[in-house]
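Residue numbers (the working numbering): 189 to 578.
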């Protein structure tokens, strides 16, 4: 099952850092060194990446290091950005991480693993997406193993950032933290959504067509169904995309890309935008004309552009009963929800040709879900600095 694959990776990460995390309790803290990381200390993405790059560009005081354990990736990043990347499997770097008084994370994996890591240290969880669905201990079903794991790592974090009041409760329930540990803060990466990387956009997207991103979320209880329609026919889909001048990019969770039915890619209008093609979707997200998802928070970031969104919540009842939602899903998903291929193609055309279709709904949802709409990284850095002084 998907949930077991992910939990296993976290368990390995947790055990591997027990000894150094214990030793770090006795190290003096260096308040001038900030350690950043993202998922499993192997990726350079999400909010920690955006804030890290903003820090390098705007701050002359202090030292910032990003943990990347992949040696080839670390070497490439050093060549591009400078000597700002370290690993947690080299003694010198481990000492630096242990001494740092401020850690900034995008996920629940910390620069060193273990528990009690927020002791005499400020550890800030930026997140890597708004929790429209229940997360962590807030999920409706939590296994004993997962419950134990989350209760241990709750001692690792000083503060969890929440981009909207709509998500405060979900973050508090995630690790059973008091509301005082939930802090209003935008997502640093959203600057890239509002102002996408034009060079990357020109390399990846097709200028001669409508570019649509289909980004379903992963499921802990089953495999994700792509185009979940009873009347699905690949030839009909391909013909419809061709007639409407649409190139559809599939973006799956990187841990489950191998589950994709390769028959879909035989259609020239369907392309896989994998994590190997681009590790971080945010620099190009704002370049798409439309985003399709089910329960992924990617649509919330995309709402900042006010461009159209579509939803395919084919297993809503199962997802709601197993995981649960932190928001009113029906009210705050401002787009059509087709349940057949015919309706899908029709709604796709309307969204791409009628700029007013669902526009007022998108604007209203954007105000609720993205109350801070500009200068996201700058605002985030100011919040981090304030919290570090407490």
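Built from N, CA and C at the ideal position, the CB exists for glycine as well.
Treat the numbers as computed from the prediction; the structure is a model and nothing was measured.
Here's the rule: buried if 16 or more other CB atoms are within 10 angstroms of the residue's CB, otherwise exposed. What is residue i?
| i | result |
| --- | --- |
| residue 298 | buried |
| residue 404 | buried |
| residue 377 | buried |
| residue 561 | exposed |
| residue 329 | exposed |
| residue 245 | exposed |
| residue 225 | buried |
| residue 214 | exposed |
| residue 344 | buried |
| residue 189 | In this prediction, residue 189 has a pLDDT of 45, which is less than 50 and means its spatial position is unreliable; what the coordinates show is noted afterwards. Under this definition residue 189 is an exposed residue. |
| residue 252 | buried |
| residue 433 | exposed |
| residue 524 | buried |
| residue 387 | exposed |
| residue 440 | buried |
| residue 316 | buried |
| residue 353 | exposed |
| residue 278 | exposed |
| residue 419 | exposed |
| residue 270 | exposed |
| residue 366 | exposed |
| residue 336 | exposed |
| residue 453 | exposed |
| residue 624 | Outside the displayed range of the chain (189 to 578) lies residue 624, so it cannot be described from this structure. |
| residue 516 | exposed |
| residue 340 | exposed |
| residue 570 | exposed |
| residue 384 | buried |
| residue 249 | exposed |
| residue 237 | buried |
| residue 207 | exposed |
| residue 333 | exposed |
| residue 559 | exposed |
Compute the beta-carbon to beta-carbon distance between residue i and residue j, rounded to the nearest angstrom, for a pair I have assumed lies under 8 Å.
| i | j | result |
| --- | --- | --- |
| residue 209 | residue 301 | 6 Å |
| residue 369 | residue 346 | 7 Å |
| residue 529 | residue 355 | Not a contact, Cβ separation roughly 33 Å. |
| residue 449 | residue 473 | With a Cβ gap of about 25 Å, residue 449 and residue 473 do not count as contacting. |
| residue 375 | residue 235 | 5 Å |
| residue 631 | residue 414 | Only positions 189 to 578 of the chain appear in the structure, and residue 631 is not among them; the question remains open. |
| residue 371 | residue 349 | 6 Å |
| residue 221 | residue 258 | Not a contact, Cβ separation roughly 22 Å. |
| residue 615 | residue 565 | Within the shown structure, residues of the chain are numbered from 189 to 578, placing residue 615 beyond reach of any answer. |
| residue 228 | residue 240 | Contact doesn't hold; Cβ gap of about 17 Å is too wide. |
| residue 572 | residue 292 | 6 Å |
May I ask which residues mark the beginning and end of the alpha helix (DSSP H) holding residue i?
| i | result |
| --- | --- |
| residue 565 | 564-576 |
| residue 219 | From DSSP, residue 219 is part of no alpha helix (DSSP H) but of the beta strand (DSSP E) over 218-225. |
| residue 554 | 547-557 |
| residue 489 | 486-490 |
| residue 506 | 504-510 |
| residue 209 | 206-211 |
| residue 541 | 529-541 |
Beta strand (DSSP E) containing residue i: first to last residue?
| i | result |
| --- | --- |
| residue 333 | Here residue 333 belongs to no beta strand (DSSP E); instead the alpha helix (DSSP H) covers 332-341. |
| residue 426 | Segment 422-431 is the alpha helix (DSSP H) holding residue 426; no beta strand (DSSP E) there. |
| residue 498 | 497-499 |
| residue 436 | 434-438 |
Q: Counting only runs of 4+ residues fully inside the region 242-275, write out the alpha helix (DSSP H) ranges in chain order.
A: Note on the region 242-275: whole alpha helix (DSSP H) runs with a minimum of 4 residues are 259-269, in chain order.
Q: Only counting runs of 3 or more residues, tell me where the beta strand (DSSP E) segments fall wholly within the region 333-402, in order along the chain.
A: Counting whole runs of 3 or more residues, the region 333-402 contains the beta strand (DSSP E) stretches 347-350, 370-372, 398-402.
Q: Scan the region 443-479 and note each continuous alpha helix (DSSP H) run of 4 residues or more that stays entirely inside, going in chain order.
A: With a minimum length of 4 residues, the continuous alpha helix (DSSP H) runs that stay inside the region 443-479 are 470-473.
Q: Could I get the ranges of all uninterrupted alpha helix (DSSP H) runs contained in the region 276-341, with 4 residues as the minimum, in chain order?
A: 279-287, 332-341, all fully within the region 276-341.
Q: Determine, using beta-carbon pairs with one atom in the region 539-554 and one in the region 564-576, whether at least three such pairs fall under 8 Å.
A: At 8 Å Cβ cutoff, the stretches do not touch.
Q. Would you call the region 475-483 and the region 397-415 in contact, with 3 or more CB pairs under 8 Å?
A. Yes, the region 475-483 is in contact with the region 397-415.
**Q.** Contact between the region 508-521 and the region 310-329 (3+ Cβ pairs under 8 Å)
**A.** Proximity of the region 508-521 to the region 310-329 meets the contact definition, three or more beta-carbon pairs being nearer than 8 Å.
Q) Touch check for the region 491-498 and the region 531-547: three-plus C-beta pairs under 8 Å? A) With the cut-off at 8 Å, the region 491-498 and the region 531-547 touch.
Q: For the region 463-472 and the region 273-286, state whether three or more C-beta atom pairs, one from each stretch, are separated by less than 8 Å.
A: No, the region 463-472 is not in contact with the region 273-286.
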